[in-house]
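Under my numbering, think of the first position of the sequence shown as 132, with each following residue one higher. Where a beta carbon is used, it is the ideal one built from N, C-alpha and C, also for glycine. Following: one structure in structure tokens, then a few remarks.
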Amino acid sequence: YQGPAAARLIVSKNKNAKVFLVNDASDYAVGLQKTVDITLAGRVVGKDVTPTGTTDFTATIAKIKKSKATAVFYSGYFSQAAVFVKQLRDSGSKIIFASGDGTLDDQFIKLARKAAEGALLTAPAVPFETASPKLAKEMVAAGWKPGVYTTESFDAANFFLDAIKAGNTDRASINKYVSTKSHKGLSKTLKFDADGEVSGADVNGFIVKNGKLVLLGPIK
């Protein structure tokens, strides 16, 4: 469900967006790009693959420019995304740069520097600093830095603790508890569907602004 949300985020910024898709050939990236592609349908004007470890994006950038794309969606991870967006901006391109949760990391901004500004990112996650400023400060004070999915991990752990407190101590009974009950967490109310997916999970949009990741909120 992240792919369709990412597609909608791009279109919300440019209703006439023409999108070029790039992925790093990893299973994660290929799967994510496929759902973005399906959602964007006729808006996709080109695609390219830049395998993990690619350091020169010149050929890909040339294809993007030739396609007349107004946005590029990169499916991959932050280290390579940073190299790509930096070369894209150095080439003079100012088109929308968007990516998924593999790029949602402070290291992306640190590595890409000014080139990261304005990047649109997505993740089915709520920043811990937003969900619980108090707990986030305590975590930092203890020498730990919240990650992308800290809030969701915190909620999941407490859901399992609920099961144990209710007297469930073996795998089968715990699984039955979490599959039939719900837990009101910091990020959302956790409830699993028949396929084990979280029901009604939101995908949030983020933008890099003034060198910081800024939460835009749920993507509608």
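Euclidean distance between Cα positions of ASP158 and SER210: Taken atom to atom, the span from the alpha-carbon of ASP158 to that of SER210 is near 17 Å.
Same chain, Cβ closer than 6 Å to LEU163, neighbours up to 5 away in sequence not counted: The answer, listed in chain order, is GLY134, SER206 and GLY231.
Alpha-carbon to alpha-carbon, LEU251 and GLU260: Distance from the CA of GLU260 to the CA of LEU251, rounded to the nearest whole angstrom, comes to 19 Å.
Per DSSP, cross-strand counterpart(s) of SER206: Residue pairing by DSSP puts SER206 in a beta bridge opposite ASN154.
Opposing strand residues paired with PRO349 [DSSP bridges]: PRO349 is bridged to ASN335.
DSSP three-state assignment for LYS149, whether helix, strand or coil: DSSP places LYS149 in coil when its eight states are reduced to three.
C-alpha distance - SER224 paired with ASP286, whole-angstrom precision: Cα to Cα, SER224 sits roughly 41 Å from ASP286.
Alpha helix (DSSP H) segments (min. 4 residues) lying fully within the stretch 204-257: Correct list: 209-221 and 237-243.
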